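Numbered per the numbering used here, the sequence shown spans residues 67 to 421.
Note that the Cβ used here is the ideal one computed from N, Cα and C, for glycine as well.
On a predicted model such as this, the values are computed, not experimentally measured, just so you know.
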Amino acid sequence: MKRLANWRLLFMFAVMSLLTGCGENYLSALKPAGEVAQIQYDLMKLSTAIMVGVIAVVTVIFIIVVFRFRRKSDDEMPKQVEGSHTLEILWTVIPILLLLVLAVPTVAATFKLADVSPMDKKDKNGKSEALVINVRSNLYWWEFEYPDEKIVTSQDLVVPTDEKVYFTLKASDVKHSFWIPAAGGKMDTNTDNINKFWLKFDSKSAEEAENVFYGKCAELCGPSHALMDFKVKTLPRAEFDRWVKDMQNVKKPAKPETATAQQGQEVFNKSCIGCHAVTPANTTPEKARVGPNLSNFGERERVAGILEHNKDNVKKWIKDPESYKPGNKMTGKYNLTDDEIDAVSEYLMGLKVQE
């Protein structure tokens with residue numbers, strides 16, 4: 067029975083090892099989709115090759131020693147090798163060389179990835195020459211502010227491909243960590259300081275992933291940590307500029323198209339507007355940033371970052387958010403009837419910037 071239990075453990079370990087290698091292009095650090103991810107992936111391959119090489123050499127030496135220098139009889143004493151300057155030099159120099167082979171590209175990559183100086187370069191209008199996005203993490207959702215473009219959105223990060231995008235990271239409540247596995251990272255978002263870094267999204271890889279990548283919180287932050295996801299939409303520069311223009315042209319929420327949606331807008335303005343903004347401008351009052359900005363809610367990829375984007379799931383989320391994301395800030399704030407929830411859901415699904 068003991069042997070059977072050991073085989074079961076071995077089988078489970080083998081299955082888990084195989085599953086850790088499974089992943090989609092948009093959610094795997096082993097399938098790089100940008101310059102940062104490629105640099106990090108190359109460093110992983112280099113360190114892995116060095117480690118495997120060391121293990122292989124040590125294993126060969128071990129096998130040779132076991133067979134060549136084993137005691138063949140009780141009266142025989144194997145040859146004792148000690149005080150060899152050649153051996154001492156070898157096992158001192160070789161590790162140093164291996165460390166240098168790993169350290170030089172690692173240090174070079176660290177300085178390259180830490181260079182965010184283009185963020186500080188301004189044009190004649192006082193705007194950053196590079197695209198800068200302010201990321202603010204919350205329990206359990208993400209806000210993305212484009213300061214020069216005067217846009218604030220939530221949960222769906224929109225970025226251009228084939229150019230560096232610079233990020234400033236800050237948390238509004240507890241420590242989180244911003245991570246887009248396929249693009250590179252990760253970096254902490256803290257409440258007491260701002261971290262900065264950059265990413266670059268490869269257009270070819272983005273096309274293979276249908277222009278959608280997944281981001282996650284990589285720092286244990288509470289009961290819904292595993293559900294703190296966001297989506298990254300990648301667009302060619304021309305399409306990104308068009309998206310920016312469309313967002314900037316929205317001065318007020320889209321007019322409801324049905325009577326039910328109009329009723330939902332009225333309920334929303336009485337119950338939800340205090341925490342959720344429905345305009346893209348970064349002049350949104352701070353109190354309206356307690357919850358995600360909903361100006362383009364109808365175009366999102368997911369409801370609450372985790373549910374399929376449809377009206378039924380919107381209704382489920384509004385009615386009982388605690389069952390989907392325990393510990394979220396929305397639980398217990400609203401006491402709406404089923405009819406009011408249905409109306410608000412229809413109103414939210416109609417909030418679109420681009421058709």
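The region 360-371 makes contact with the region 382-392, as at least three CB pairs between them are under 8 Å. Our two residues, S361 and K418, have alpha carbons roughly 7 Å apart in a direct line. DSSP, read as helix, strand or coil, puts F128 in helix. By the neighbour-count definition (other C-beta atoms within 10 Å, threshold 16), A122 is an exposed residue. Counted as a single uninterrupted DSSP element, the beta strand (DSSP E) harbouring V278 occupies residues V278 to C283.
Of the candidates G281, V310 and E276, G281 places its Cα closest to the Cα of Y206.
Residue environment for R308: exposed (fewer than 16 other C-beta atoms within 10 angstroms of its C-beta). Judged by DSSP in its simplified three-state form, G251 adopts strand. The beta strand (DSSP E) runs lying completely inside the region 370-399 and spanning 3 residues or more number zero. The Cβ atoms of L402 and V380 do not sit closer than 8 Å to each other. By the neighbour-count criterion, in which a residue is buried when 16 or more other Cβ atoms sit within 10 angstroms of its Cβ, N335 is exposed. Ranked by Cα distance from Q328, the first of V118, G416 and W157 is G416. Note on geometry: alpha-carbon atoms of A99 and K297 lie some 15 Å from one another. G357 places its beta carbon less than 8 Å from that of C341. In the three-state scheme derived from DSSP, where H, G and I count as helix and E and B as strand, H151 is classed as helix. The C-beta separation of F263 from A249 comes to about 11 Å, leaving the pair out of contact by the 8 Å criterion.
Apart from the 5 residues on each side of it in sequence, K188 sits with its Cβ closer than 8 Å to the Cβ of S194 and E195 in its chain, given in chain order.
Here DSSP, grouped into helix, strand and coil, assigns T172 to helix.
Between S243 and K236, the C-beta gap is not smaller than 8 Å, which leaves the two residues out of contact.
Judged by pairs of C-beta atoms under 8 Å, the region 166-184 touches the region 108-128, as three or more such pairs exist. Using a 10 angstroms sphere on the CB of N191, the tally of other CB atoms stays under 16, which defines it as exposed.
Per the coordinates, the alpha-carbon of S183 lies some 40 Å from the alpha-carbon of C338. Rounded to whole angstroms, the gap between the alpha carbons of W245 and D186 is 23 Å. The three-state secondary structure of A115, taken from DSSP, is helix.
Beta-bridge partners assigned by DSSP to Y212: I217.
With at least 16 other beta carbons inside 10 angstroms of its own, W208 counts as buried.
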